[in-house]
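Visitor: FYI, the numbering for the sequence shown is 3 to 121, going by the working numbering. Before I ask anything, here is the structure I am working with.
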Amino acid sequence: MSRAIDGSKRKNHRKKILKLAKGYWGRRGTNFKTAKDAVTKGLSYAYRDRKDRKGDFRRLWIIRINAACRTEGVSYSRLIAGLNKAEITINRKALAYLATEDTAAFKAIVAQAKAALGV
């Protein structure tokens with residue numbers, strides 16, 4: 003039986019790794035050994051950060067809501083407590099959108115939350 007010297011599986015694997023490493027700085031983009039490590043690390047970061055993105059956006063929405071509701075004279079935590087008491091179920095993404103794009107609707111929601119709190 004003949005011996006496989008440079009098999010297609012090996013070539014395809016290397017080509018795939020180097021394609022993923024395209025655009026990396028220095029030898030990380032051209033040298034298989036370093037590219038393999040860089041791609042492995044990059045893919046693990048990508049996986050981790052896809053999970054973190056959800057928290058990052060939630061943090062951003064809370065910051066926007068807090069800034070908008072403080073102009074109305076109520077803190078973020080009091081607003082959320084008032085919304086819960088008034089039984090208004092609206093997610094933070096929608097609330098942040100209202101705070102930035104539709105201030106009249108946001109003011110109406112804040113007024114309902116204040117009324118529920120008795121402020």
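Ideal placement from N, C-alpha and C gives every residue a C-beta, glycine not left out. This structure is a prediction, so every number in the text was calculated from the model and none was measured.
Whole angstroms is fine: what's the gap from Lys56's alpha carbon to Lys109's?
Guide: For Lys56 and Lys109, the distance between alpha carbons rounds to 26 Å.
Visitor: So Cys71 and Leu81 are in contact, right, with Cβ under 8 Å, and what is the actual spacing, rounded?
Guide: Confirmed, about 5 Å.
Visitor: Is it buried or exposed, Leu97, if we count other Cβ atoms within 10 angstroms and call 16 or more buried?
Guide: Per the 10 Å Cβ criterion, buried.
Visitor: To the nearest angstrom, report how far apart Lys18 and Trp63 are at their CA atoms.
Guide: Lys18 and Trp63: Cα-Cα distance of roughly 38 Å.
Visitor: Let's see if you can read the secondary structure: which residues bound the alpha helix (DSSP H) around Glu103?
Guide: That run of the alpha helix (DSSP H) goes 94 to 103.
Visitor: Using 8 Å as the cut-off, can you tell me whether the region 7 to 25 makes contact with the region 34 to 50, which would need three or more C-beta pairs spanning the two stretches below that distance?
Guide: Verdict: yes, contact present.
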